[in-house]
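**Q** Quick one: the structure is below, and I'll ask about it shortly.
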Amino acid sequence: MGRTDIGPPDFHDMLPDVIKKNYGQWKYHEIPRTGVLKHVGESGDIVYTVRAGSPRLVSIDFIRDICDIADKYCDGHLRFTSRYNIEFLTPHEKNVDPIIADLKKLGIPVGGTSPGISNIVHTQGWIHCHSAATDASGLVKAIMDDVYEHFVEAKLPNHVRIAVGCCINMCGAVHCSDIAVVGVHTKPPRPDHDKVVAQCEIPTTIQSCPTGAIRRHPDQAVKSVVVREDLCMYCGNCFTVCPAMPLADAQGDGIAIYVGGKVPNARKAPMFSRMVVPFLPNRPPRWPEVVQTVRKIVDIYAANAKPYERLGEWIERIGWEAFFKRTEIPFTEQHIDDFSHAVETYRTTTQFKW
Amino acid sequence: MADETPMLDELEKGPWPSYVTEIKRMAKKNAAAKDLLGIQEQSYKDRVTHWKHGGIVGVTGYGAGVIGRYCDSPDKFPAVSAFHTVRVNNPAGWFYTTKSLRTICDIWEKYGSGMTNFHGSTGDIILLGTTTENLQPCFDSLSEAGFDLGGSGSALRTPSGCVGPARCEWSNIDTLGLIHDLTMEFQDEIHRPRWPYKFKIKASGCPNDCVAAIARADFTIIGTWRDALRIDQSAVREYVKGGFDVEELVVRRCPTEALAWDAKAMELKLSAEDCVRCMHCINAMPKAVRPGLEKGATILVGGKAPIIKGAYLSWVIVPFMKLDPPYDELKDMLRKMWDWWDEHGRTRERLAELIERLGFKTFLREMGLKPVPQMVKYPRSNPYVFFDK
């Protein structure tokens with residue numbers, strides 16, 4: 355039996371020599387071309403990084419392919435970024451073009467450096483998740499195909515960080531992304547009374563509901579729960595604790611789009627993404643309405659924001675009313691918050707635009 | 084089993100590399116990958132997931148690291164009737180030797196579907212899909228190769244950090260060293276879930292926060308500095324000579340008007356006490372402006388996604404902490420926090436929600452932290468105040 359609690363391998367054993375030697379001693383960096391970084395150390399040492407996109411859901415043969423490139427040009431080392439990009443590091447400038455050429459042969463794009471669109475942080479979706487309201491890998495593929503030019507060319511005012519969460523659990527930094535694509539349910543859970551008694555703790559299930567919509571079944575003989583549909587906002591928390599409360603629904607499930615979030619502290623403080631589209635239908639395999647909406651937002655931002663302005667900073671400057679006007683996205687009652695911190699979002703000034 | 088996947092085939096078109104192509108590569112030699120393709124096509128047709136809730140599966144000695152997964156149509160897709168995920172703790176900073184990656188590939192070829200995520204959104208290597216019987220031998224082989232499982236369920240999730248000092252001039256802390264140290268220290272907390280809910284630790288080397296620590300971690304460590312940022316005036320002049328509009332692109336974007344451009348002297352003037360270390364000027368002119376030298380970290384708590392009381396960004400609890408091995412102050416703080424949360428937290432209540440329910444003041448007292456203005460955006464506006472009797 356395997357040893358337990360040995361922890362991950364020590365990262366020191368994974369570092370290329372040029373990184374080991376200059377650890378903590380980097381001086382500055384440049385981006386000589388999109389997808390290539392050049393870091394210069396205090397010692398004068400240089401490391402080039404070639405950044406490549408990945409579908410994230412990959413076969414072991416894909417990993418072996420990229421290992422072949424790393425063996426050929428990077429002394430058998432590579433790394434991944436927090437957005438699933440693959441990075442090939444080499445102290446030799448002469449290796450940069452061959453790495454890019456070999457990646458091209460494999461159909462792997464080079465890019466993802468600022469200011470553009472890097473890989474989409476995302477979740478499992480229909481490929482592996484029980485609570486998914488949409489697929490993730492397919493949506494990512496459809497969106498990245500459409501905004502591909504912004505991965506391979508850095509020509510936006512700043513980064514546009516896109517994330518896909520396949521349900522409102524939002525695994526991944528979906529709630530603070532420039533553009534967040536989120537799978538949503540819009541039908542209440544349907545308790546399966548025969549299974550609730552066998553699979554679920556009723557008090558835990560009742561307590562799991564943030565709006566108090568779940569009650570004991572009025573018939574004492576039925577050991578189950580009922581859902582007050584007028585109070586349910588389809589968060590799925592009950593389904594997580596009680597598998598007999600499914601809420602997935604082919605017609606009811608779809609996509610919401612949130613925009614304007616950011617994580618870095620640069621200029622403005624980190625911000626949450628805000629809802630701009632409450633619901634679009636699930637239309638696999640290419641989700642055309644979702645892709646078109648993302649595209650429209652990126653285009654209007656690109657044409658109007660000042661250099662360095664993130665999407666959320668631009669919207670705050672022009673005002674949300676101007677954003678809805680320019681994008682022609684309809685504003686509905688769903689856009690007005692009525693959950694836990696709602697009142698903080700209501701306008702308390704006479705300053706606004708027409 | 085499905086030989087025809089017309090909807091998924093659509094996703095092999097277009098310039099972005101296709102995950103469908105990847106599954107197809109494995110489907111040629113692995114029955115589970117083939118049925119994965121089939122069940123994915125089925126979901127595309129039906130527009131619902133075909134995966135059921137987990138179930139208790141795992142490896143001996145651990146309560147975490149494996150996500151149990153069963154499909155709802157085992158007759159149609161028998162090779163994925165059980166399709167459990169193995170989370171493998173990544174090395175800090177996601178650096179690998181190709182030898183170590185090939186070893187993982189070989190193990191997964193033998194015991195699993197051959198499909199992976201490099202990486203999951205928390206940062207683990209995700210080995211996607213195997214049977215219940217294969218879990219233990221798969222773990223044994225991984226362990227033999229020097230790898231271990233990551234966190235899942237109501238446990239400490241695999242801590243993660245940015246590339247930090249390995250390849251970034253802006254890192255104010257050793258994110259890799261810190262993350263590796265915390266991961267090794269808290270193996271028990273990662274592998275044996277016993278808390279009200281999950282707990283995440285993330286460390287970014289600077290306020291650009293490349294691992295989204297402020298949004299995604301209950302315990303957020305962000306490198307920063309206490310003294311003034313460093314400006315190389317000759318390098319600034321190089322930018323200006325190259326046509327860079329320092330007045331418009333740097334000075335006017337400074338959120339606290341801490342910078343001024345002296346066009347006569349060709350100097351970028353800094354009012355250090357007004358600087359809030361936002362990183363904008365450094366990001367815009369990496370050759371000319373650098374973080375200061377008195378380095379450490381800001382500690383924040385509470386960041387999380389919406390489930391269940393809404394999303395939170397982390398709140399400052401320690402404006403500046405020196406961070407050097409063995410990181411005892413930080414570890415003591417974490418243990419104290421976990422004890423309090425474990426004692427008072429309800430099922431599925433994250434740290435931020437408990438703090439909101441019992442009060443920030445209560446939390447600070449429990450942690451032995453003195454209130455300072457850096458902890459708040461503004462002081463309270465209401466008159467409903469508790470005083471000690």
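Each protein sequence line maps, in turn, to chains A and B. Counting from 355, one number per residue, gives the positions in the first sequence under our numbering. Counting from 84, one number per residue, gives the positions in the second sequence under our numbering. All C-beta atoms in this analysis are idealised placements derived from N, C-alpha and C, irrespective of residue type, glycine included.
Nearest by alpha-carbon distance to Tyr438(A): which of Cys245(B), Glu216(B), Ala114(B) and Thr214(B) is it?
**A** Of Cys245(B), Glu216(B), Ala114(B) and Thr214(B), the residue nearest in Cα terms is Cys245(B).
**Q** Quick check on this structure: which residue in Tyr502(A), Ser562(A) and Ile522(A) has the alpha carbon closest to the alpha carbon of Gly725(A)?
**A** In this structure chain A extends from 355 to 708, so residue 725(A) is not present and cannot be described.
**Q** What's the call for Ser397(A), buried or exposed, on a 16-neighbour Cβ count within 10 Å?
**A** Answer is exposed; the Cβ neighbour count stays below 16.
**Q** Could you tell me which of Pro409(B), Leu437(B), Gly212(B) and Phe327(B) sits nearest to Met391(B), measuring between CA atoms?
**A** Note that residue 391(B) is Ile in the sequence shown, not Met. Looking at the Cα atoms, Leu437(B) is the closest of the given residues.
**Q** Return the chain-ordered list of same chain residues with a C-beta closer than 8 Å to the C-beta of Ser224(B), the five sequence neighbours on each side being excluded.
**A** Within the same chain, Ser224(B) has close Cβ partners Ile190, Lys193 and Tyr194.
**Q** Please confirm if the region 396 to 413 of chain B is in contact with the region 354 to 370 of chain B, defined as three or more CB-CB distances below 8 Å between the two stretches.
**A** As far as the Cβ criterion goes, the region 396 to 413 of chain B does not touch the region 354 to 370 of chain B, which means the pair count is below three.
**Q** May I ask you to list the residues that DSSP assigns as paired with Thr303(B)?
**A** Thr303(B) is bridged to Lys285(B) and Leu383(B).
**Q** Rank Val149(B), Leu417(B) and Val163(B) by C-alpha distance to the C-alpha of Lys285(B) and give the top, closest one.
**A** That would be Leu417(B), whose Cα lies nearest to the Cα of Lys285(B).
**Q** Look up Tyr700(A) in the DSSP assignment and say whether it is helix, strand or coil.
**A** Of the three classes helix, strand and coil, the one that applies to Tyr700(A) here is coil, per DSSP.
**Q** In the region 530 to 553 of chain A, which residues sit with their C-beta less than 7 Å from some C-beta in chain B, listed in chain order?
**A** For the region 530 to 553 of chain A, which is checked against every Cβ of chain B, the residues closer than 7 Å are Cys530.
**Q** Roughly how many angstroms separate the alpha carbons of Tyr662(A) and Asp264(B), rounded to a whole number?
**A** Looking at the two C-alpha atoms, the distance is approximately 36 Å.
**Q** Tell me whether the beta-carbon of Leu218(B) lies closer than 7 Å to the beta-carbon of Glu272(B).
**A** No.
**Q** Can you find a C-beta in chain B that's less than 7 Å from the C-beta of Met524(A)?
**A** Answer yes: the Cβ-Cβ gap between Met524(A) and chain B drops below 7 Å somewhere.
**Q** Taking the C-alpha atoms as reference points, what is the distance between Arg108(B) and Ser413(A)?
**A** Answer to the nearest angstrom: the Cα atoms are 7 Å apart.
**Q** For Asp207(B), count neighbouring Cβ atoms within 10 angstroms of its own Cβ and tell me buried if that reaches 16, exposed if not.
**A** It is buried - the Cβ of Asp207(B) has at least 16 other Cβ atoms within 10 Å.
**Q** So with CB distances below 7 Å, who are the chain A contacts of Phe222(B)?
**A** Ordered by position in chain A, the residues that pass the 7 Å Cβ test against Phe222(B) are Gly356.
**Q** Could one say the Cβ of Arg108(B) lies closer than 7 Å to chain A's Cβ atoms, at least one of them?
**A** Closer than 7 Å to some Cβ of chain A, the Cβ of Arg108(B) qualifies, so yes.
**Q** What are the start and end residues of the alpha helix (DSSP H) that includes Tyr382(A)?
**A** Here Tyr382(A) belongs to no alpha helix (DSSP H); instead the beta strand (DSSP E) covers Trp380 to Arg387.
**Q** Let me check one thing: in DSSP terms, what residues is Asn619(A) bridge-paired to?
**A** Looking at the DSSP assignment, Asn619(A) forms no beta bridge with any residue, so it has no partner.
**Q** Tell me Tyr402(A)'s beta-bridge partners as DSSP assigns them.
**A** DSSP lists Lys392(A) and Thr444(A) as partners of Tyr402(A).
**Q** Contact check, Met524(A) vs Ala388(B) under 8 Å by CB: the rounded distance?
**A** That belief holds up - the Cβ atoms of Met524(A) and Ala388(B) are roughly 4 Å apart, short of 8 Å.
**Q** Would Ile297(B) pass as an interface residue toward chain D - the criterion being a Cβ-Cβ separation below 7 Å?
**A** Chain labels in this structure do not include chain D; the protein chains are A and B.
**Q** Is there a C-beta anywhere in chain A that falls below 7 Å from the one on Thr132(B)?
**A** Output row for Thr132(B): interface = yes.
**Q** Alpha helix (DSSP H) containing Gly537(A): first to last residue?
**A** It is not in any alpha helix (DSSP H) - Gly537(A) instead sits in the beta strand (DSSP E) that spans Ile533 to Val538.
**Q** Are Lys135(B) and His504(A) close, meaning C-beta to C-beta below 7 Å?
**A** No, the Cβ-Cβ distance between Lys135(B) and His504(A) is not below 7 Å.
**Q** Which one of Ala162(B), Cys221(B) and Ile106(B) has the shortest CA to CA distance from Gly492(A)?
**A** Of Ala162(B), Cys221(B) and Ile106(B), the residue nearest in Cα terms is Ile106(B).
**Q** Comparing C-alpha positions only, which one of Leu396(B), Ala249(B) and Gly428(B) sits nearest to Leu443(A)?
**A** Checked all of Leu396(B), Ala249(B) and Gly428(B); the closest Cα to Leu443(A) is Ala249(B).
**Q** At the 7 Å Cβ level, is Tyr700(A) part of the contact set with chain B, yes or no?
**A** Tyr700(A) does not count as touching chain B.
**Q** Quick check: is the beta carbon of Lys509(A) nearer than 7 Å to any beta carbon in chain B?
**A** With 7 Å as the cut-off, Lys509(A) does not count as an interface residue toward chain B.
**Q** On the three-state DSSP scale, how would you describe Arg433(A)?
**A** It is a strand residue.
**Q** What do you get for Glu70(B), buried or exposed, if any count of 16 or more other CB atoms within 10 angstroms of its CB means buried?
**A** Lying outside 84 to 472, the shown extent of chain B, residue 70(B) is not represented and no answer is given.
**Q** Classify Ile516(A) as helix, strand or coil using the three-state DSSP reduction.
**A** Ile516(A): strand per DSSP, three-state reduction.
**Q** Would Tyr662(A) count as contacting chain B if we go by Cβ distances under 7 Å?
**A** It does; some Cβ of chain B falls within 7 Å.
**Q** Does the CB of Lys714(A) have a neighbour CB from chain B at under 7 Å?
**A** Because chain A here runs from 355 to 708, residue 714(A) falls outside it and cannot be looked at.
**Q** With distances taken from CA atoms, which of Ala394(B), Phe470(B) and Asp471(B) is nearest Ile522(A)?
**A** It is Ala394(B).
**Q** So with CB distances below 7 Å, who are the chain A contacts of Asn366(B)?
**A** Per Cβ cutoff of 7 Å: Ala620.
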